[in-house]
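This report concerns only the one structure given below.
Residue numbers (my numbering), protein chains in the order written: chain V, 3 to 370; chain L, 3 to 370.
Laid out in structure tokens, this is it:
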């Protein structure tokens with residue numbers, strides 16, 4: 003139980019010692035912050051999550067912290083948000099850590115790992131399994147304080163026009179799949195490319211790509227991807243619970259009075275819960291609409307295909323871990339928690355879900 | 003996305019109109035609150051969750067709200083905490099809503115429903131599916147503002163000394179199982195009784211009871227229940243995600259300045275995430291210790307047994323709903339969300355978990 007205050011413990015040992023160029027701070031100070039994001043304006047789900055976070059911090063602080071959001075390109079391009087906050091051009095950023103793989107490979111462990119932890123387990127690893135301390139250590143090198151500020155939950159496996167009967171069917175396909183999942187399917191013979199979400203539908207329609215993943219039923223419905231692909235594959239092995247992060251300039255964060263630092267910290271933890279709840283509720287509705295209104299054909303990846311993707315995933319991830327000692331340290335912590343999680347999850351949450359399906363299985367039976 | 007501020011929206015429409023006996027409130031007011039709980043002193047998990055919540059509210063408010071915790075019997079007995087806060091003897095309480103079934107049957111929908119929602123779905127229903135508004139409406143009758151402030155996640159099915167090969171094996175057994183689960187097994191021919199957690203081990207050892215459920219691996223290990231029972235059954239069909247609640251005297255809550263009301267509200271949402279994360283991490287470790295160190299024999303309920311328990315559960319729950327129009331309204335909302343959830347969960351979280359087990363299945367294969 004000594005880990006209860008891990009969020010707090012990880013961040014502020016030096017904060018009482020702020021000296022030199024620290025701004026004068028007292029209870030009456032007002033903070034006007036800029037939040038840069040990796041999202042286009044009006045992006046459903048993730049963009050709304052950024053707005054929600056800004057609102058809760060403002061309201062809990064009685065207006066002492068006001069946050070203005072800048073979408074992709076408004077202050078800096080999406081993928082420069084990390085650098086912008088690191089250098090103090092903006093006070094905070096809202097993104098996903100796998101965008102920073104080029105800055106440090108280990109960042110990917112704090113976003114989405116194929117066959118990794120689900121959303122509930124990810125929070126367990128971060129808050130009570132040592133994950134947050136490692137994330138703090140990594141981002142401190144870039145003058146940033148990181149937080150988990152949301153989760154999409156499990157995603158979907160992707161939209162295809164050809165059936166995937168075995169791992170061999172990936173060969174020769176051009177598939178929009180970024181990050182580690184993309185590396186895995188490259189190992190299986192596909193060409194993995196990245197495209198912004200808004201360009202996926204046109205690329206599928208033109209045949210420029212053969213298949214694509216995006217997020218899950220809620221976001222995929224909004225982009226009308228069902229118009230250009232026959233099959234909607236599950237499960238989302240490549241992104242089992244993508245963490246949405248918020249990072250704050252470390253100097254800015256540590257200059258805050260203690261009560262505001264706590265407000266920011268717990269606003270993040272509440273936001274993780276809030277976004278995951280939002281996606282859970284909306285994906286429920288969207289999946290039913292996709293199947294019943296748009297007649298989307300759901301297809302399950304075969305066991306042998308998943309097992310092979312699992313092996314390729316392990317190769318890709320252990321390769322990343324081998325690149326430097328810090329990445330190895332993060333992988334060791336992550337993988338230990340993952341092994342423990344598979345045991346409990348098997349008899350706990352998964353065991354329960356399977357049992358519940360025995361008694362209540364309206365649409366889902368015909369999808370298996 | 004209009005539901006983002008449901009927590010806020012549900013509570014404070016009248017708060018700007020506080021008149022008459024309202025205390026003078028301004029930014030400098032200090033609040034000294036008493037929190038009564040349904041927990042014995044030093045209870046792991048749930049009791050620590052109450053302490054954590056009190057700490058986060060105090061630290062976020064810069065000490066403007068100080069909370070003193072009173073455990074079972076210190077100010078009032080555990081099961082009088084609802085009444086104590088309702089009448090203003092204490093400002094807040096920490097418990098689980100199924101304790102108030104005698105006050106209003108509908109309360110049980112906000113705690114644990116056999117074959118109901120898992121922890122992630124429960125948060126989805128409360129924040130984005132209409133659940134919180136219904137809970138507000140119910141508790142407002144008793145001058146209380148309710149919040150979800152934690153979750154145990156899925157529980158375990160219970161400790162038995164005889165195997166459960168079919169539903170008929172419940173006949174004649176005396177089983178410690180409170181709440182709706184107890185009603186369900188009564189329908190199956192068992193005698194369901196309730197006992198405080200601290201008395202379970204002795205009752206199992208003396209043969210006063212034949213079987214018992216408690217919480218999950220973490221809490222069950224601490225009480226050494228493995229010493230008195232041969233089999234540890236899964237899944238926990240009767241409590242798939244028990245919500246830990248915090249209720250505040252409505253007059254006290256609405257008298258707060260807006261910033262403190264927001265701090266209290268989001269401290270609750272963060273606490274839900276925090277406790278669930280804590281249980282997830284600790285249950286992982288405890289299950290492995292139970293199996294590898296204490297040689298506990300895990301047993302899975304058979305499909306036919308679970309299917310029959312599911313049918314009995316539906317009968318028990320629809321009986322409750324039929325008792326009054328408000329209970330029917332809550333059941334209708336809950337059941338609608340449940341139906342939607344089973345579809346998405348089947349291809350989403352459950353679909354992913356099953357796929358992951360194909361690639362990584364250390365201990366769990368021998369448990370099936």
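Ideal placement from N, C-alpha and C gives every residue a C-beta, glycine not left out.
Taking a Cβ-Cβ cut-off of 8 Å, residue 36 of chain V has no neighbours in chain L, whose nearest Cβ is about 22 Å from it. Counting only residues of its own chain and dropping the five nearest sequence neighbours on each side, residue 193 of chain L has a CB closer than 6 Å to the CB of 176. Of V:110, V:352, V:223 and V:339, the smallest CA-CA separation from residue 245 of chain V is found for V:110.
Residue pairing by DSSP places residue 302 of chain L opposite L:236 in a beta bridge. Taking a C-beta cut-off of 7 Å against chain L, the contacting residues of the segment 327-354 of chain V are 341, 342, 343, 344, 345, 346, 347, 348, 349, 350, 351, 352, 353 and 354, listed in chain order. With a threshold of 16 other beta carbon atoms within 10 Å, residue 247 of chain V meets it and is buried. A check of alpha carbon separations from residue 218 of chain L across L:212, L:211, L:196 and L:241 identifies L:241 as the nearest.
At a cut-off of 8 Å, the C-beta of residue 69 of chain L has no neighbouring C-beta in chain V. Secondary structure in the segment 87-149 of chain L: the alpha helix (DSSP H) runs of 4 residues or longer, each lying completely within the stretch, are 121-130 and 133-142 in chain order.
DSSP links residue 247 of chain L through a beta bridge to L:97 and L:150. With three or more CB-CB distances shorter than 8 Å, the segment 211-229 of chain L counts as touching the segment 155-173 of chain L. Distance from the CA atom of residue 36 of chain V to the CA atom of residue 132 of chain V, rounded to whole angstroms, is 30 Å.
Taking 8 Å as the cut-off, the Cβ atoms of residue 352 of chain L and residue 356 of chain V count as close. Here DSSP, grouped into helix, strand and coil, assigns residue 225 of chain V to coil. The criterion of a C-beta distance shorter than 8 Å is not satisfied by residue 151 of chain V and residue 62 of chain V. With a threshold of 8 Å between beta carbons, residue 305 of chain V makes contact with chain L. Residues of the segment 276-304 of chain L with a C-beta atom less than 9 Å from some C-beta of chain V are 276, 278, 279, 280, 281, 282, 283, 284, 285, 286, 287, 288, 289, 290, 293, 300, 302 and 303, listed in chain order. One thing to note: residue 354 of chain L has its Cβ no nearer than 8 Å to the Cβ of residue 285 of chain V.
Taking a 10 Å sphere around the C-beta of residue 107 of chain L, we find 16 or more other C-beta atoms and assign the residue as buried.
With its beta carbon at least 8 Å from every one in chain V, residue 161 of chain L lies outside the interface. For residue 89 of chain L, the closest C-alpha among the options L:200, L:141, L:211 and L:263 is that of L:141. In its chain, beyond the 5 residues on either side, 176, 178 and 205 have a beta carbon closer than 6 Å to the beta carbon of residue 211 of chain L. Scanning V:96, V:227, V:259 and V:183 for the CA closest to the CA of residue 292 of chain V turns up V:227. The continuous alpha helix (DSSP H) containing residue 256 of chain L extends over residues 252-256. If you check the CB distance, residue 265 of chain V and residue 59 of chain V come in under 8 Å. The segment 332-340 of chain L makes contact with the segment 316-323 of chain L; the number of CB pairs closer than 8 Å reaches 3 or more.
Out of V:73, V:116 and V:69, the CA that lies nearest to the CA of residue 311 of chain V is found in V:116. Looking only at V:185, V:187, V:191 and V:224, the smallest Cα-Cα distance to residue 201 of chain V is reached by V:224. DSSP, read as helix, strand or coil, puts residue 36 of chain L in strand. Under the Cβ criterion of 8 Å, residue 123 of chain V is counted among the residues facing chain L.
At a cut-off of 8 Å between C-beta atoms, residue 233 of chain L does not count as an interface residue with respect to chain V. Taken in chain order, the unbroken stretches of beta strand (DSSP E) that lie wholly in the segment 159-215 of chain V and span 3 residues or more are 160-162, 176-178 and 193-195. Residue 71 of chain V has V:37 as its beta-bridge partners, per DSSP.
Within chain L, the C-beta atoms nearer than 7 Å to that of residue 64 of chain V come from 261, in chain order. Taking all protein chains shown into account, residue 70 of chain V has fewer than 16 neighbouring C-beta atoms within 10 Å of its C-beta and is therefore exposed. Using a CB distance cut-off of 8 Å, residue 129 of chain V counts as an interface residue toward chain L.
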